[in-house]
Amino acid sequence: KNQVEQSPQSLIILEGKNCTLQCNYTVSPFSNLRWYKQDTGRGPVSLTIMTFSENTKSNGRYTATLDADTKQSSLHITASQLSDSASYICVVSTSGGYNKLIFGAGTRLAVHP
Amino acid sequence: GAGVSQSPRYKVAKRGQDVALRCDPISGHVSLFWYQQALGQGPEFLTYFQNEAQLDKSGLPSDRFFAERPEGSVSTLKIQRTQQEDSAVYLCASSWDRPTGELFFGEGSRLTVL
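Chains D and E, in that order, give the protein sequences. Counted from 1, the first sequence has number 62 at position 62 by this note's numbering; the numbering is strictly sequential. Counted from 1, the second sequence has number 134 at position 21 by this note's numbering; the numbering is strictly sequential.
So this is what it looks like as structure tokens:
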């Protein structure tokens, strides 16, 4: 069964600190892996999209990594800000014509002053 | 429009009522998706349209759920005889003409069935 698992389920850090969120997936066939940020009460917003051949991609203070051999990805947030408080969702797309996306349950991040 | 627009943002229905949720995708976007997001969970796929054609409805949980996109732009998700387990946020997303391209999500319609 295609699955995406994320850890930790929730995380609290202090403003200015770094953190790393984990994603493991068992999705086949694999097309790409995405990280989304979802603020409370809002729709998800794309942070990064990585294909099979890419093993790292940055978007400002966000850096995603992908190890397609071990089927693991991480999202590293540098110098966290209060506005980073949100859910971060790992999403894997299966290949085969369109965006059949498999979503993880997300990691809820709280950044405290 | 500037983004994906969904309405209503909030809907409270009594069990057994029918509801209709509307999605206005970004102008020109060919692909449109509906997702269901339970509290504390990631979104789950419901159905996919390419223009007016519903190419995949495998995620619709029962025959009480029906979606349409008659003119290839606005889409409506209809839920008949709502049940408490239908309570969730219903997200709509659209993408450009490449079906594997970036998805743009609306803010969702939160349905509460009493």
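Don't be surprised by glycine CBs; every beta carbon is placed ideally from N, CA and C. Since the structure is predicted, the reported quantities are computational estimates derived from the model, not experimental observations.
Check	Outcome
Counterpart residues of E5(D) in DSSP-defined beta bridges	N24(D)
Counted within 10 angstroms of its Cβ, other Cβ atoms place H142(E) as buried (16 or more) or exposed	buried
Neighbourhood of Q167(E) by C-beta distance below 8 Å, restricted to the same chain and skipping five residues each side	T160, Y161, A180, E181, R182
Rounded separation between V132(E) and A79(D) - CA only	44 Å
Backbone CA spacing between K170(E) and F178(E) [nearest angstrom]	10 Å
Chain D within 9 Å of A180(E), Cβ atoms only	no
Under 8 Å by beta carbon: chain D residues contacting G155(E)	V4, I89, V91, F103, G104, A105, G106
Backbone secondary structure at D137(E) - three-state DSSP	strand
Three-state class that DSSP yields for Q154(E) in the structure shown	coil
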